[in-house]
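Student:
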Amino acid sequence: MDFTIILLAAGKGTRMKSGTVKVLHPLAGRPMLAYGLDLAFGLGPAQILVVIGYQAERVQEAFSGQASRITWVLQPEQKGTADAVRCAVPFLNKTRGTVLIHYGDVPLLRMDSLTRLLQEHRERKSKLTFLTAVLENPKGYGRIIRDETGRLLRIVEEADARDRERAVREINTGITCVEVPFLLEALKNLEADNAQREYYLTDIAAYGVSQGLRIASVITDDPFRALGINTRKDLAEAEKSIRLEICERWALEGVTVVDPHQTYIDSTVTLEPDTRVEPNSHLRGLTRVGRGCLIETGTVITDSTIGSQVHVKPYSIIQESQVDDRAVVGPMAHLRPGTVLEKEARVGNFVEIKKSRVGERSKAAHLTYLGDSEIGKDVNVGCGTITCNYDGVAKHRTVVEDNAFIGSDTQLVAPVRIGRGSYIGSGSTITRDVPPDSLAVSRSRQKVIEGWTAQKGKRKKT
Ligand code: UD1
Ligand code: CA
Numbered sequence: 044m045d046f047t048i049i050l051l052a053a054g055k056g057t058r059m060k061s062g063t064v065k066v067l068h069p070l071a072g073r074p075m076l077a078y079g080l081d082l083a084f085g086l087g088p089a090q091i092l093v094v095i096g097y098q099a100e101r102v103q104e105a106f107s108g109q110a111s112r113i114t115w116v117l118q119p120e121q122k123g124t125a126d127a128v129r130c131a132v133p134f135l136n137k138t139r140g141t142v143l144i145h146y147g148d149v150p151l152l153r154m155d156s157l158t159r160l161l162q163e164h165r166e167r168k169s170k171l172t173f174l175t176a177v178l179e180n181p182k183g184y185g186r187i188i189r190d191e192t193g194r195l196l197r198i199v200e201e202a203d204a205r206d207r208e209r210a211v212r213e214i215n216t217g218i219t220c221v222e223v224p225f226l227l228e229a230l231k232n233l234e235a236d237n238a239q240r241e242y243y244l245t246d247i248a249a250y251g252v253s254q255g256l257r258i259a260s261v262i263t264d265d266p267f268r269a270l271g272i273n274t275r276k277d278l279a280e281a282e283k284s285i286r287l288e289i290c291e292r293w294a295l296e297g298v299t300v301v302d303p304h305q306t307y308i309d310s311t312v313t314l315e316p317d318t319r320v321e322p323n324s325h326l327r328g329l330t331r332v333g334r335g336c337l338i339e340t341g342t343v344i345t346d347s348t349i350g351s352q353v354h355v356k357p358y359s360i361i362q363e364s365q366v367d368d369r370a371v372v373g374p375m376a377h378l379r380p381g382t383v384l385e386k387e388a389r390v391g392n393f394v395e396i397k398k399s400r401v402g403e404r405s406k407a408a409h410l411t412y413l414g415d416s417e418i419g420k421d422v423n424v425g426c427g428t429i430t431c432n433y434d435g436v437a438k439h440r441t442v443v444e445d446n447a448f449i450g451s452d453t454q455l456v457a458p459v460r461i462g463r464g465s466y467i468g469s470g471s472t473i474t475r476d477v478p479p480d481s482l483a484v485s486r487s488r489q490k491v492i493e494g495w496t497a498q499k500g501k502r503k504k505t
C-alpha cells in the first residue's frame, strides 16, 4: 500500500528504571517492539522506518532477522517524539502521501484499529487524524482538548495540563495519520516550550488548528489496547492480558488450559487439540506441542518439540529438546539442549539428559545422568547410572546398543560402547567396550567373615 509507517523506539524508557532500553523488555516471550513491527509488516506499507537511539545496536541486533524489511533511523539525542519523526523525514521516499506514526511502547494495539484509522483518514481526506481512546483512568497520557462543538483544538501532555484538562478522559494513543507536506511544515514550526523541554509530536495538532485545519480523530472501541507501557507496572498489566488472551485462543482451538490465569504460554508457542496444560506451566520460545499431551503442573518447556500423547509429569524442565510420541518425562526430570527421546521412551525422576538420543521404548526411570550419549531401543538404564562424559579436558561419547541392560549404580566411563543385548552388573565401573550379548561386571567381589560380630563383641568386652 502506498503509505509509510514510522515506528518510534528511540527513547530510553526512564520510568522503567532499567539498564535495558524499554522496547526490548520481553512481553509474553518477545521484545515489546516485536508487536508494533508485526502490525507494520501486516499492514504492508511501502516503507517501514523505525527510529532508534538509546541502545540502538541492541535493538537492531534483536531484529536482525527482519532487517531487510526495516529502514533503521538513528535519533542521536532523545529530544522528544517530534524530533524522532524529524529524524525519519530524510528517509521518506516521497514528498507526498500518508505517514502512519506508531509508538513502540503501545504493543497491545490491534490491526483493525490501525486499518480503521487509515481508512477514516482517507475517506475524510484529512491531513491529520489521531487515534484516541476514552479511559477510566487517563493519568499519564496526552489529553484531547476539544471546544464545545467537539472540534479538536490541541493535545495537552499530563505534565503541562491544568486541572480542568487533566479531568478529560479522552486521550491520545500516539497513533497518528498525517499527510507528508503538512507534517514537514508542522515539524518546522514546533518548539520545545513545555514542562519536559521536548519537541512534542502532539503539538502538530495545535499548529494545524492555527493554520485553519480541521483535525480528524477516531476513537478506538478497544481502549484497553491503547495501553502505553511506561513502567514495569504497565508491563505486568500488558503481560497478564496477553497471556490470558493466548490461553483463551488455545482453549478455542481445543486445548484444555485448566487455569488460564496461571498458565504461561509465549505468543510464539503452538499446541494441538486435546492437549491438557495444568497450572503453573511455562511453555516458552519456539516450543511446539502435539495432540493429546498431558503437561502437568510446574513444567517449563523452552524451544522444544513435543510429539503426540506425551506425558510430562510435574516439575520437569525441557530445553531445546525433542520428545517423540507417547514418551513419558518426569516428575522432576531435566532434559537439557540436544536431547531426543524417541517414541515411548520413559525418563523418570531426577534424571538429567544432555546432548543424547534415547531410543524407542528405552527407560531411565530414576536418578541418572546421560550426557553425550546414544542409547538404542529397548534399553533399560538402571537407577543411578552415570555417563562419565568429561575427563576435565574434553567430552566423550557413550553408546549403548539396542536391548542392553545397565544395572543400577553403573558408571559408564566414556568413550565406551555397550554392545547389543549385553548386561552390565550393578555397581560396575565400565571403562572398556563390552561386546554384544555379554555380561560385564566390574566390582570387587564380596567378602564374608562369618561370626565376625560375636568376635568383635568379645574384643570390646576385654
Ligand atoms: C506519548 C504522547 C502522549 C500519548 C502517549 C501514548 C507525546 C509528546 N506524547 O507520551 O500524548 O498519550 O505517548 O502512549 O508524543 N520516543 C523516541 N524519541 C524521543 C522520545 C520518545 O523515539 O525522543 C519514542 C519512545 O521510545 C516511545 C514513544 O516515542 O516508544 C513515546 O515516548 P514516551 O516518552 O513514552 O511518550 P509518553 O510520555 O508516553
Ligand atoms: Ca509512552
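In my numbering, the protein residues as written are 44 to 505. From the three backbone atoms N, C-alpha and C, an ideal C-beta is built for every residue, glycine too. This one's a predicted model, so the numbers in the text were calculated from it and none came from an experiment.
What does the alpha-carbon distance come out to for the pair residue 178 and residue 152?
Tutor: Just so you know, the alpha carbons of residue 178 and residue 152 end up roughly 15 Å apart.
Student: Please list, in chain order, all residues of the same chain as residue 118 whose beta carbon is under 6 Å from its beta carbon, the five residues on each side excluded.
Tutor: 53, 94, 96, 127 and 130
Student: Assign residue 82 to one of three DSSP states: helix, strand, or coil.
Tutor: helix
Student: Which residues in the same chain have their Cβ closer than 6 Å to the Cβ of residue 301, if we skip the five residues on either side of it in sequence?
Tutor: Here the set comprises 321 and 322.
Student: How many whole angstroms separate the CB atoms of residue 373 and residue 392, which I take to be in contact at a CB cut-off of 8 Å?
Tutor: About 7 Å separates the CB atoms of residue 373 and residue 392; that is less than 8 Å, so the two are in contact.
Student: For residue 267, report the span of its alpha helix (DSSP H) as first-last.
Tutor: It is not in any alpha helix (DSSP H) - residue 267 carries neither H nor E in the DSSP assignment.
Student: Specify the secondary structure class of residue 500 as computed by DSSP and reduced to three states.
Tutor: helix
Student: Below 6 Å CB to CB, which residues in the same chain sit around residue 84 once its five sequence neighbours on both sides are set aside?
Tutor: none
Student: Sort out for me which residues DSSP pairs residue 260 with in a bridge.
Tutor: 173
Student: Once you ignore the five residues that flank residue 354 on each side, which residues in its own chain have a CB closer than 6 Å to its CB?
Tutor: If we look at residue 354 and ignore the five residues flanking it on each side, its Cβ neighbours are 337 and 371.
Student: Whose C-alpha, out of 379, 265 and 442, is nearest the C-alpha of residue 459?
Tutor: When each option's Cα is compared against that of residue 459, the closest is 442.
Student: Nearer than 7 Å: is that true of the beta carbon of residue 182 relative to any heavy atom of ligand 1?
Tutor: No, the beta carbon of residue 182 sits no closer than 7 Å to any heavy atom of ligand 1.
Student: Spatial neighbours of residue 185 within its chain, please: C-beta separation below 6 Å, excluding the five flanking residues on both sides.
Tutor: 198, 200, 215 and 245
Student: Would you mind stating whether residue 385 and residue 401 have Cβ atoms separated by less than 8 Å?
Tutor: yes
Student: Distance check for residue 115 and residue 62, CA to CA, integer angstroms please.
Tutor: 22 Å
Student: What is the C-beta distance between residue 352 and residue 368, in whole angstroms, given that I count them as a contact (C-beta under 8 Å)?
Tutor: 6 Å
Student: Check whether the Cβ atoms of residue 453 and residue 473 lie closer than 8 Å to each other.
Tutor: yes
Student: Have a look at residue 67 and residue 326 and give me their C-alpha separation to the nearest angstrom.
Tutor: Approximately 20 Å between the Cα atoms of the pair.
Student: Ligand 2 heavy atoms versus the CB of residue 412: any closer than 7 Å?
Tutor: no
Student: Could you name the residues of the same chain whose beta carbon sits closer than 8 Å to that of residue 476, not counting the 5 residues immediately before and after it, in chain order?
Tutor: Hits under 8 Å: 459, 460, 461 and 462.
Student: Please report the straight-line C-alpha distance between residue 358 and residue 377, rounded to a whole angstrom.
Tutor: For residue 358 and residue 377, the distance between alpha carbons rounds to 9 Å.
Student: Taking Cβ positions, are residue 522 and residue 263 nearer each other than 8 Å?
Tutor: What the structure shows of the chain is the stretch from 44 to 505, and residue 522 is not part of that stretch, so it cannot be assessed.
Student: Taking only heavy atoms of ligand 1 into account, decide whether any of them is closer than 7 Å to the Cβ of residue 53.
Tutor: Yes, since a heavy atom of ligand 1 falls inside the 7 Å radius drawn around the Cβ of residue 53.
Student: Within its chain, find whatever has a CB closer than 6 Å to the CB of residue 190; leave out the 5 residues flanking it on each side and keep chain order.
Tutor: 196
Student: How long is the line joining the alpha carbons of residue 73 and residue 416, rounded to whole angstroms?
Tutor: 33 Å
Student: In chain order, what residues of the same chain have a beta carbon less than 6 Å from the beta carbon of residue 398, not counting five sequence neighbours either side?
Tutor: 381 and 415
Student: Which of helix, strand or coil does DSSP assign to residue 97?
Tutor: coil
Student: Using a 10 Å radius around the Cβ and a threshold of 16 neighbouring Cβ atoms, would you call residue 107 buried or exposed?
Tutor: exposed
Student: Should residue 423 and residue 396 be called a contact, given that it needs their Cβ atoms to be closer than 8 Å?
Tutor: No; because the gap between Cβ atoms is not below 8 Å, this pair is not in contact.
Student: So is the beta-carbon of residue 273 under 7 Å away from any non-hydrogen atom of ligand 2?
Tutor: yes
Student: According to DSSP, residue 482 sits in a beta bridge with which residue or residues?
Tutor: 466
Student: Quick one: is residue 106 near chain B, going by C-beta distance under 8 Å?
Tutor: You won't find chain B in this structure, because it holds only one protein chain.
Student: Pull up the distance between the alpha-carbon of residue 156 and that of residue 319, whole angstroms please.
Tutor: 33 Å
Student: Going by C-alpha to C-alpha distance, which of 493, 501, 498 and 469 sits closest to residue 486?
Tutor: 469
Student: I'd like to know whether the C-beta atoms of residue 223 and residue 139 end up nearer to each other than 8 Å.
Tutor: In contact: residue 223 and residue 139 (Cβ atoms closer than 8 Å).
Student: How about residue 271 and residue 142: are their beta carbons less than 8 Å apart?
Tutor: no
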